[in-house]
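Here is the structure we will look at.
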Amino acid sequence: MNTLAISQLSTLRWSFEEDAAAYSARGFSGIGVWRPKLEDYGLDRTIELLAEASLSVTSLSWVGGFTGSDGRTVDDAVIDAIAAVRDAANLRADTLIVLAGGRNNHIRNHVKRTFCEALQEIAAVAEDFGVRLSIEPIHPGCGDEWSFVNDLQSTLDIIEQVASPNLGLVLDTYHVGMDEEVVRWLPDVIPHLHLVQFGDGKHSPIGEMNRCLLGEGSVPLRTIFETLSRHGYDGPMEVELIGEDVEAIPYDDMLDHTRDFFDRMMGPVKS
């Protein structure tokens with residue numbers, strides 16, 4: 001039974017309290033927590049608020065920068081990630097999302113080795129806290145500065161190399177769903193899959209991320225959903241909507257459309 005959630009990145013201008021009330025009112029049973037909102041609202045208040053709203057945390061976003069691409073040292077990025085592991089444990093989050101970092105003018109073998117070494121250190125702590133880590137591959141057309149990990153194959157290679165039982169991946173359909181091979185890959189990915197993020201776009205990502213309302217773009221969302229269901233994926237499904245095509249749409253309308261889309265695709269939303 002899939003938990004259906006909304007990422008707080010979808011309603012960036014709202015307060016944490018507005019997010020929780022609006023998601024819960026529409027029957028969503030999960031929330032993808034964005035770390036800056038968590039920091040502003042406070043961990044203890046967040047735990048109380050989400051309990052009152054009957055919302056489970058499907059993800060905590062995000063940790064990263066292990067290649068130095070955002071100006072931090074590797075050690076600083078690891079320390080930050082370990083702090084986020086503790087927050088994820090307190091929130092009982094399904095997963096903590098990990099972005100590898102950009103290549104930062106390094107050769108690919110170097111950044112991969114650096115990333116894997118950082119992951120091994122973080123994963124050891126995550127195992128102690130019972131927290132799952134999920135690498136998110138990012139389309140190179142809109143996220144080279146965020147991650148050198150751009151496809152499912154390279155993600156699975158890193159998971160195999162790190163070899164932690166708590167390490168898996170996030171499949172964001174906006175970033176990988178326009179690849180015609182993704183449906184063929186899904187059966188191999190599902191054993192490592194901690195979260196599916198549903199996003200749609202009218203064309204392959206280029207420049208800034210620009211997602212559209214679900215079902216109005218080029219991503220075969222129904223085919224992906226049916227393939228996941230057929231192969232037994234019962235984990236959380238989270239919606240992330242951000243970009244020029246949706247920024248002028250009132251958040252209430254965007255959430256109503258999302259709820260209607262999933263009701264049509266999968267039947268009434270289950271909690």
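So for the sequence shown, the UniProt record's numbering puts the first residue at 1; every next one is plus one. Note that CB positions come from ideal geometry on N, CA and C, so glycine has one too. Everything numeric in this text was worked out from a predicted model, so none of it was measured.
Cut-off 7 Å between Cβ atoms - residues of its own chain near residue i, not counting five sequence neighbours on either side
i	result
H203	S218
D87	L38, L43, L60
L193	G168, L169, L171, Y233, G235
Reduced DSSP secondary structure (H/G/I, E/B, other) of residue i
i	result
L55	coil
K270	Only weak support is given to the placement of K270: the predicted model assigns it a pLDDT of 46, under 50, and the question is left unresolved by the model.
F198	strand
S7	strand
M237	strand
M265	helix
L12	coil
S147	strand
L193	strand
I224	helix
G68	coil
E180	coil
G141	helix
P250	coil
N90	helix
V78	helix
One or two residues paired with residue i in a DSSP bridge
i	result
I135	V98, L169
V63	V98
residue 276	Lying outside 1 to 271, the shown extent of the chain, residue 276 is not represented and no answer is given.
C212	D200
CB contact flag (residue i, residue j, <8 Å)
i	j	result
N166	A123	yes
S24	S54	yes
D200	G215	yes
V170	L195	yes
I107	I135	no
S7	V246	no
I224	T173	yes
M265	G243	no
A93	V125	no
T67	F115	yes
T11	Y251	yes
Neighbourhood of residue i by C-beta distance below 6 Å, restricted to the same chain and skipping five residues each side
i	result
W62	I97, L99
F261	L214, G215
T227	V183, L186
Any non-hydrogen atom of the ligand GTP closer than 7 Å to residue i Cβ
i	result
E240	As far as ligands go, the structure on display features none, and thus does not contain the ligand GTP.
Spatial neighbours of residue i in its chain, beta-carbon cut-off 8 Å, leaving aside the 5 residues before and after
i	result
residue 272	For the chain, the structure presents residues 1 to 271; residue 272 sits outside this window and is missing.
I47	N90, L91
R132	D94, T95, L96, A126, N166, L167, G168, H194
(request) Can you check the region 99-129 for any alpha helix (DSSP H) of at least 4 residues that lies completely inside it and give the ranges in chain order? (result) Entirely contained in the region 99-129, the alpha helix (DSSP H) runs reaching 4 residues are, in chain order, 108-129.
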